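Chemist: Protein chains in written order, with our numbering: chain A, 396 to 689; chain B, 7 to 265.
Cβ coordinates follow ideal geometry from the N, Cα and C atoms, glycine included.
Source: prediction; values computed, not measured.
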Amino acid sequence: MLKGAQVRYLMKESFAGFHRRKLTTGVTILIMGSSLLVLAVLTLATLNLDHLLAKARSSIDMRVFLLESLDPGQVAELQPRLLVIPGVKEVKFISSETALHEFRTSLGQDAGVLDFLETNPLPASYHIQFTAGARNLDSVRQIRDEIAAWPEVAEIIFNQGWVDALEGWSARFRMANLITGLIVFIAVVFVISNTVKLTMAASSRLIQIQKLVGATNGFIRLPFLCEGMLQGVLAGGLAMGLVAVASSFMQNRLSGMIFFSVEQIAGFIMFCMVLGLLGSWSAMRKYLTLQSEL
Amino acid sequence: MKRIDPREQEPQDPRAVIGFYHVDLAYKDQTALQNISFTASNGEFLCLTGPSGAGKSSILRLIAMDAFPTKGQVIIRGMLASKMNRRKVPLLRREIGYVFQDFRLLDDRSVYDNVAFAQLVVGVKSADIKMNVMRVLTQVGLWNKRHRLPRQLSGGEQQRAAIARAMVNSPKILLADEPTGNLDPVNAQETIDLLFRINDSGTCVVFSTHDQQIVKAFGERVIVMNDGRIASDIKRKTMVDRTANLTDRMYQPGELINA
Chain A
396 MLKGAQVRYL
406 MKESFAGFHR
416 RKLTTGVTIL
426 IMGSSLLVLA
436 VLTLATLNLD
446 HLLAKARSSI
456 DMRVFLLESL
466 DPGQVAELQP
476 RLLVIPGVKE
486 VKFISSETAL
496 HEFRTSLGQD
506 AGVLDFLETN
516 PLPASYHIQF
526 TAGARNLDSV
536 RQIRDEIAAW
546 PEVAEIIFNQ
556 GWVDALEGWS
566 ARFRMANLIT
576 GLIVFIAVVF
586 VISNTVKLTM
596 AASSRLIQIQ
606 KLVGATNGFI
616 RLPFLCEGML
626 QGVLAGGLAM
636 GLVAVASSFM
646 QNRLSGMIFF
656 SVEQIAGFIM
666 FCMVLGLLGS
676 WSAMRKYLTL
686 QSEL
Chain B
7 MKRIDPREQE
17 PQDPRAVIGF
27 YHVDLAYKDQ
37 TALQNISFTA
47 SNGEFLCLTG
57 PSGAGKSSIL
67 RLIAMDAFPT
77 KGQVIIRGML
87 ASKMNRRKVP
97 LLRREIGYVF
107 QDFRLLDDRS
117 VYDNVAFAQL
127 VVGVKSADIK
137 MNVMRVLTQV
147 GLWNKRHRLP
157 RQLSGGEQQR
167 AAIARAMVNS
177 PKILLADEPT
187 GNLDPVNAQE
197 TIDLLFRIND
207 SGTCVVFSTH
217 DQQIVKAFGE
227 RVIVMNDGRI
237 ASDIKRKTMV
247 DRTANLTDRM
257 YQPGELINA
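Next up, the structure:
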């Protein structure tokens with residue numbers, strides 16, 4: 396258990412390492428910050444795509460157009476059949492008259508063109524909305540395939556293309572994020588490891604004397620671990636700060652763009668801290684043995 | 007079946023603070039020590055001498071458990087090196103003080119901080135650190151220069167600061183590796199006087215030197231090393247006069263007998 400004086404010493408030593416090697420530490424933080432910036436940007440892009448995807452998913456619906464030859468009784472029979480399909484939340488009948496009225500409304504001033512029509516070309520349809528669990532391409536496709544097999548159905552449409560594209564992009568960004576994350580992980584650990592090795596080489600006399608007077612390896616390691624963690628936190632903070640500035644400019648141009656939540660920022664900084672810790676640890680595994688080189 | 011080396015069966019001296027029993031030490035392919043056996047008790051002042059590469063530093067490394075024997079047994083303060091849990095080595099080192107030819111002080115810290123550092127590392131309370139540092143710096147005559155950096159001190163003063171650091175944790179064993187090597191005779195005498203004072207308080211001092219004049223003048227018990235072996239282990243018949251000055255002692259003939 397560390398005593399008060401030891402804790403004060405360890406804190407002082409961790410910051411002293413920064414002070415003694417301002418340039419090395421500054422360059423290290425800049426290099427790490429740039430690597431982490433790439434990761435932060437990709438993560439933010441994935442986050443925004445996920446957000447868009449969630450919105451798109453919530454608006455997934457389906458129009459089931461019916462054959463014109465159906466009589467009202469046959470049309471009415473379809474509603475309960477649709478409602479019992481798993482994943483279907485709500486079914487609304489839209490008659491051909493209502494469809495024409497909606498179409499006329501949507502045309503606004505140009506609605507006059509419809510006056511030339513002798514008959515209503517729009518078929519009656521059912522507008523289907525899905526439960527939250529079924530708002531994904533697989534479920535919707537399954538439901539579509541089931542309904543498409545019914546003889547009363549003329550055509551089915553849903554906003555597949557848009558959702559398809561978003562899901563594709565989201566998957567690609569996730570993969571890019573994973574690969575970048577791995578590369579950044581290795582790069583940052585490597586950079587911190589080398590910086591800590593430099594720090595340890597510069598502190599070799601201090602380490603040697605600590606060993607001679609009976610310091611445990613844990614006691615010797617702690618300031619270096621703290622230094623690595625601090626470097627990780629500062630580099631992560633730098634990357635996050637730059638992303639925040641860039642995203643505040645972007646938000647003026649891209650409406651609906653979201654930024655990291657406080658928890659996500661804290662998580663990112665924690666991740667950077669762990670990277671710093673791992674970097675320091677890997678540097679020390681080879682450097683610190685019992686030998687004091689008497 | 008594991009064959010037991012008959013040399014490991016020898017009884018050990020229970021009074022010994024340092025015990026070497028038929029010790030071999032090899033670094034990779036190179037043999038550093040061969041069949042070394044000696045013991046040293048509390049309050050003993052032991053001179054280790056011999057030419058460079060004779061194995062003096064290897065013996066000090068074994069005592070500090072900075073190296074471990076390839077054969078035989080090393081027992082330090084009742085702890086057997088071959089069975090020592092490596093995590094406990096720092097605890098043993100807290101009972102050993104070190105003094106080196108090159109002082110090994112931290113250049114960016116004051117004399118006070120250099121000495122206090124040894125206490126801080128082992129977890130002594132702040133208030134006790136102040137008391138202990140004041141005590142040892144007063145003993146070595148450096149209390150007035152406690153705020154100075156090592157480079158602002160003479161060689162002799164730096165060595166006294168290093169001795170204060172070695173003393174502050176009240177070690178049971180003090181290892182001095184060529185402590186007078188960089189010093190003029192006056193400062194060498196001051197250093198040896200301090201080592202004698204530490205020895206008077208019951209600490210076993212192992213003093214390694216290749217300076218034959220110093221060995222002749224101060225050696226109470228002298229182990230002569232040659233080519234990794236003990237060439238002789240001899241004890242002076244009459245005690246040296248620890249109060250005489252260096253020049254007097256240099257010319258004191260001293261009679262040596264086999265230990």
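The alpha helix (DSSP H) spanning E163(B) covers which residue range?
Modeler: As a position in the second sequence, residue 163(B) is number 157, starting the count at 1. Element bounds for E163(B): 161–173.
Chemist: Using beta carbons (cut-off 8 Å, strictly below), is I604(A) in contact with chain B?
Modeler: Locating residue 604(A) in the first sequence gives position 209, counting from the first residue. Judged by the 8 Å Cβ criterion, I604(A) is in contact with chain B.
Chemist: So, for I660(A): in the same chain, excluding its five sequence neighbours on each side, which residues have a beta-carbon less than 8 Å away from its beta-carbon?
Modeler: Indexing the first sequence from 1 puts residue 660(A) at position 265. M635.
Chemist: V228(B) and T55(B) look like a contact to me (Cβ under 8 Å); what is the Cβ gap, rounded to whole Å?
Modeler: As a position in the second sequence, residue 228(B) is number 222, starting the count at 1. As a position in the second sequence, residue 55(B) is number 49, starting the count at 1. Correct: roughly 6 Å between the Cβ atoms.
Chemist: Leaving aside the five residues before and after I424(A) along the sequence, list all residues of the same chain whose C-beta is less than 8 Å from its C-beta, in chain order.
Modeler: Walking along the first sequence from the start, residue 424(A) turns up at place 29. Cβ within range, chain order: Q626, L629, A630, L633.
Chemist: Counting Cβ pairs, one atom from each stretch, are 3 or more of them under 8 Å apart for the segment 548–568 of chain A and the segment 484–500 of chain A?
Modeler: The segment 548–568 of chain A is not in contact with the segment 484–500 of chain A.
Chemist: Using a cut-off of 9 Å between C-beta atoms, extract the partners of G399(A) located in chain B.
Modeler: For the purposes of this step, residue 399(A) is identified with residue 4 of the first sequence, where counting begins at 1. Think of a sphere of 9 Å around the beta carbon of G399(A): the chain B residues whose beta carbon falls inside it are K131, S132, in chain order.
Chemist: Would you tell me roughly how many angstroms separate the C-alpha atoms of N232(B) and R157(B), rounded to the nearest one?
Modeler: By 1-based counting over the second sequence, the position of residue 232(B) is 226. By 1-based counting over the second sequence, the position of residue 157(B) is 151. Approximately 36 Å between the Cα atoms of the pair.
Chemist: State buried or exposed for Q469(A), treating a residue as buried only when at least 16 other CB atoms are found within 10 Å of its CB.
Modeler: In the first sequence, the residue the question calls residue 469(A) occupies position 74. The residue in question, Q469(A), is exposed, as its Cβ has fewer than 16 Cβ neighbours within 10 Å.
Chemist: Might you give, ordered along the chain, the residues of its own chain that have their beta carbon closer than 8 Å to the beta carbon of S652(A), omitting 5 neighbours on each side?
Modeler: Here residue 652(A) refers to the residue found at position 257 of the first sequence. One point to set straight first is that residue 652(A) is Met, not Ser, in the sequence displayed. The residues are N443, S642, M645, Q646.
Chemist: Which residue wins for smallest C-alpha separation from V608(A), given the options A194(B), L181(B), F74(B), V211(B)?
Modeler: Counting from one through the first sequence, the residue named residue 608(A) turns up at place 213. The shortest C-alpha separation from V608(A) is found at L181(B).
Chemist: Would you mind stating whether E541(A) and I480(A) have Cβ atoms separated by less than 8 Å?
Modeler: Stepping through the first sequence from its first residue, residue 541(A) is reached at position 146. Stepping through the first sequence from its first residue, residue 480(A) is reached at position 85. Yes, the pair counts as a contact, with Cβ atoms nearer than the cut-off.
Chemist: Strictly below 7 Å CB to CB, what residues from chain A border A124(B)?
Modeler: In the second sequence, counting from the first residue as 1, residue 124(B) sits at position 118. Near A124(B) (Cβ distances below 7 Å), the residues of chain A are V608.
Chemist: Looking only at its chain, what residues have a beta carbon closer than 6 Å to the beta carbon of H446(A), apart from the 5 residues adjacent to it on each side?
Modeler: As a first step, residue 446(A) is located in the first sequence; it is residue number 51 there, counting from the start. Cβ within range, chain order: I653.
Chemist: Going by DSSP, which residues form a beta bridge with G103(B)?
Modeler: For the purposes of this step, residue 103(B) is taken as the residue at position 97 of the second sequence. G103(B) has L180(B) as its beta-bridge partners, per DSSP.
Chemist: Does the segment 205–214 of chain B touch the segment 147–165 of chain B, meaning 3 or more C-beta pairs lie closer than 8 Å?
Modeler: no
Chemist: Note the first and the last residue of the continuous beta strand (DSSP E) segment covering S116(B).
Modeler: Residue mapping note: residue 116(B) aligns to position 110 of the second sequence, counting from 1. Run containing S116(B): none; DSSP gives neither H nor E here.
Chemist: In chain order, what residues of the same chain lie with their CB nearer than 6 Å to the CB of F106(B), ignoring the 5 residues before and after it?
Modeler: Looking up residue 106(B) in the second sequence gives position 100. If we look at F106(B) and ignore the five residues flanking it on each side, its Cβ neighbours are D183.
Chemist: Is L4(B) close to chain A? Criterion is C-beta to C-beta, closer than 8 Å.
Modeler: Coverage of chain B is limited to positions 7 through 265, which leaves residue 4(B) absent and any answer about it impossible.
Chemist: Helix or strand or just coil, what does DSSP make of I424(A)?
Modeler: Position 29 of the first sequence holds residue 424(A). In this structure, I424(A) counts as helix in the three-state DSSP scheme.
Chemist: Quick check for students: name the residue ranges of the beta strand (DSSP E) that lie wholly in the segment 41–74 of chain B, counting only runs of 3 or more.
Modeler: 51–55
Chemist: How many Å lie between A133(B) and L143(B) at the Cα?
Modeler: Translated into positions along the second sequence, residue 133(B) becomes position 127. Translated into positions along the second sequence, residue 143(B) becomes position 137. So the alpha carbons of these two residues sit roughly 16 Å apart.
Chemist: According to DSSP, is G632(A) helix, strand or coil?
Modeler: On the first sequence, residue 632(A) is found 237 positions in, with the first residue counted as 1. Helix.
Chemist: Buried or exposed for D113(B), going by 16 or more other Cβ atoms inside 10 Å?
Modeler: On the second sequence, residue 113(B) is found 107 positions in, with the first residue counted as 1. So D113(B) ends up on the exposed side.
Chemist: Can you name the residues of chain B whose CB is closer than 7 Å to the CB of F614(A)?
Modeler: Along the first sequence, one-based indexing puts residue 614(A) at 219. Those within 7 Å of F614(A) in chain B are V127.
Chemist: Since T215(B) sits in a beta bridge, which residues does DSSP pair it with?
Modeler: On the second sequence, residue 215(B) is found 209 positions in, with the first residue counted as 1. Answer is T55(B), bridged to T215(B).
Chemist: Using a Cβ-Cβ distance cut-off of 8 Å, determine whether T611(A) contacts chain B.
Modeler: For this step, residue 611(A) is matched to residue 216 along the first sequence. In terms of beta-carbon proximity, T611(A) lines the interface with chain B, with at least one pair separated by less than 8 Å.
Chemist: Under DSSP, the beta strand (DSSP E) around I602(A) begins and ends at which residues?
Modeler: For this step, residue 602(A) is matched to residue 207 along the first sequence. Run containing I602(A): none in the beta strand (DSSP E); it sits in the alpha helix (DSSP H), 599–607.
Chemist: Give me the chain B residues within the contact set of R569(A), using Cβ-Cβ distance strictly less than 8 Å, ordered along the chain.
Modeler: Numbered from 1 along the first sequence, position 174 holds the residue referred to as residue 569(A). Within 8 Å Cβ-Cβ: nothing; R569(A) doesn't reach chain B, min ~44 Å.
Chemist: Identify every run of the beta strand (DSSP E) within the segment 408–462 of chain A, keeping only runs that are complete inside it and at least 3 residues long; order them along the chain.
Modeler: 456–461
Chemist: Within 10 angstroms of its Cβ, does A560(A) collect 16 or more other Cβ (buried), or is it exposed?
Modeler: Residue numbering aside, residue 560(A) sits at position 165 when the first sequence is read from its first letter. It is exposed - the Cβ of A560(A) has fewer than 16 other Cβ atoms within 10 Å.
Chemist: List the endpoints of the continuous beta strand (DSSP E) containing L148(B).
Modeler: Along the second sequence, one-based indexing puts residue 148(B) at 142. No beta strand (DSSP E) contains L148(B), which DSSP labels as neither H nor E.
Chemist: On a CA-only basis, which of A170(B), R83(B), S160(B), G103(B) is nearest V192(B)? Give me that one, please.
Modeler: On the second sequence, residue 192(B) is found 186 positions in, with the first residue counted as 1. Here the closest residue by C-alpha is S160(B).
Chemist: Who are the near neighbours of P177(B) in its chain, counting only those whose CB is closer than 7 Å to its CB and skipping five residues on each side?
Modeler: In the second sequence, the residue the question calls residue 177(B) occupies position 171. Only residues of its own chain outside the window of five on either side were considered, and among them E101, I102, G103, T209 have a CB closer than 7 Å to the CB of P177(B), listed in chain order.
Chemist: Taking C-beta to C-beta, are I587(A) and M427(A) nearer than 8 Å?
Modeler: Stepping through the first sequence from its first residue, residue 587(A) is reached at position 192. Stepping through the first sequence from its first residue, residue 427(A) is reached at position 32. Closer than 8 Å, so yes.
Chemist: Going by DSSP, what residue range makes up the alpha helix (DSSP H) through H496(A)?
Modeler: Here residue 496(A) corresponds to residue number 101 of the first sequence, with the count starting at 1. Counting along the chain, the alpha helix (DSSP H) containing H496(A) begins and ends at 491–502.
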